[in-house]
Amino acid sequence: MKNILDAPFVRGMMKTTANMYRLGWDERNGGNISVMLDENEVAEYLDLNNVIRKIDMGFDAKPLIGKIFIVTGTGKYFKNVEDDPENNLGIIRVASDGVTADLLWGYSDGGRPTSELPAHLMSHISRLSVNPENRVIMHSHPTATLALTYVHELDEKKFTHSLWQVCTECMVVFPDGIGVLPWMVCGTNEIGIATAEKMKEFRLVIWALHGIYGCGKDLDEAFGLIETVEKAAQLYLMTASFPRVNTITDPDLVEIAKAFKVEYRKDFLNL
Ligand code: 13P
Ligand code: ZN
């Protein structure tokens, strides 16, 4: 059996949580990540018959029965993952009843997966239904993105359009736009259901006055989506109090989409 601390999926979580912390996106225990793993790859590091304990998830994740995920722990700080992955991360498998999880590794102080597990697993189900390659759901509190939700209309078309207009790369990176949810209590099945519904249509979902969700086939893709939104939100806020002398126009946005051959939300432009 290989050493789990050398596994690329553990190393990836260590590196990504450290990057997110250092960018100031994930204060204290803010943020959470889940990655669906390949069973054969996990079996190189862990005995899949050795269930450390059962964890009640409190919601039904039947479409994911048997699937294995590495997930950040609830209340755990992203800044500490690098130094103590076995305490701050866990590897869980959705059990045959669909409502409990088998703990295969981690949460070594008796911890549990993130309180946002409903939003994560329900979003995995949504994303897999539209993209079988999806593996990652990522939640974070990036500062400018969060700030923008206090001063910008919470309208998906207008929010996406404002960000497309401030950064040429935005149309290339998220041509499918950004879903927006109103403020809701976090950590509940209700916000999980609402997030997963948006995730059928969008790879990015804003939680107003809280943070953002992103997804992707790997950690880089989910991180890159959030990073690009955050950069654009910074630019928007840096320029918001000045007269807008120059801007990327809607015809320019069409030109970008054509040049990069991306399918974009045409109804999000004002043409
Ligand atoms: P957890 O510590 O339970 O992951 O919660 C952090 C968070 O960001 C809640 O939305
Ligand atoms: Zn949060």
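Counting along the sequence shown from 1, when you hit position 70 you're at 52 in this note's numbering, and nothing is skipped either side. Note that beta-carbon positions come from the ideal geometry of N, C-alpha and C, so glycine has one too.
- Query: Is it true that the CB of leucine 145 sits closer than 8 Å to the CB of alanine 214?
  - Reply: Result yes, Cβ atoms of alanine 214 and leucine 145 sit closer than 8 Å.
Practice prompt. Taking 8 Å as the cut-off, decide whether the C-beta atoms of leucine 201 and glycine 55 are in contact.
Written response: Contact annotation: leucine 201 and glycine 55 have beta-carbon atoms that are not nearer than 8 Å.
> Just how far apart, CA to CA, sit isoleucine -14 and valine 112?
Replying inline: Rounded to whole angstroms, isoleucine -14 to valine 112 spans 31 Å at the Cα level.
Backbone CA spacing between proline 95 and leucine 86 [nearest angstrom]: 12 Å
Original post:
Which value, in whole angstroms, describes the spacing of the CA atoms of valine 33 and glycine 88?
Top reply: Taking the straight line joining both Cα atoms gives about 11 Å.
Specify the secondary structure class of tryptophan 7 as computed by DSSP and reduced to three states.
-> coil
Could you check which residue in Ile15, Ile194, Asn31 has the C-alpha nearest to that of threonine 131? The option with the nearest alpha carbon to threonine 131 is Ile194.
So does glycine 196 have its beta carbon nearer than 7 Å to some heavy atom of the ligand ZN?
no
**Item:** Euclidean distance between Cα positions of glutamate 151 and serine 223
**Value:** 23 Å
- Message: Tell me the DSSP secondary structure of alanine 101 in three-state form.
- Response: helix
**Request:** State the start and end residues of the unbroken alpha helix (DSSP H) segment that holds tyrosine 218.
**Result:** 201 to 221
### Separation of methionine -17 from histidine 123, as counted between CA atoms
Taking the straight line from one Cα to the other gives about 37 Å.
query: Would you report the Cα separation of methionine 104 and glutamate 98, rounded to the nearest angstrom?
result: The C-alpha of glutamate 98 is placed about 10 Å away from the C-alpha of methionine 104.
### Task
Taking lysine 36 as part of the beta strand (DSSP E), name the residues at either end of that continuous run.
35 to 38
**Asked** What residue does the beta strand (DSSP E) around phenylalanine 51 start on, and which one ends it?
**Response** 50 to 54
Please name the residue, chosen from Asp65, Gln216, Gly206, Leu46, that lies closest to isoleucine 74 on a Cα-to-Cα basis.
Leu46
Consider the C-beta atom of histidine 257 and the heavy atoms of the ligand 13P; say whether any pair is separated by less than 7 Å. The displayed coordinates of the chain run from -17 to 253. Any statement about residue 257 would go beyond what the structure contains.
Check your understanding: Among Lys243, Ser108, Val236, which has the Cα closest to the Cα of glutamate 179?
Key -> Ser108
#### Entry: Among Glu212, Glu203, Val(-8), the one whose alpha carbon lies nearest that of asparagine 116
Out of Glu212, Glu203, Val(-8), the CA that lies nearest to the CA of asparagine 116 is found in Glu203.
| request: Classify threonine 82 as helix, strand or coil using the three-state DSSP reduction. | output: strand
What are the residues that DSSP puts in a beta bridge with glycine 174? DSSP output for glycine 174 lists no bridge partner at all.
| What span of residues does the beta strand (DSSP E) with serine 144 cover, start to end? | Per DSSP, serine 144 belongs to no beta strand (DSSP E); it is in the alpha helix (DSSP H), 138 to 146.
Below 8 Å, how does it come out for the region 133 to 141 and the region 162 to 182: are there three or more Cβ pairs, yes or no? With a cut-off of 8 Å, the region 162 to 182 and the region 133 to 141 count as touching, because enough Cβ pairs lie within range.
- So which of Val118, Met120, Ile50, Ile15 has the shortest CA-CA distance to aspartate 275? Given that the chain is displayed from residue -17 to residue 253, the structure contains no residue 275 and the question cannot be resolved.
**Q.** CB contact below 8 Å: proline 233 versus chain C
**A.** Looking at the structure shown, chain C is missing, and only one protein chain is on hand.
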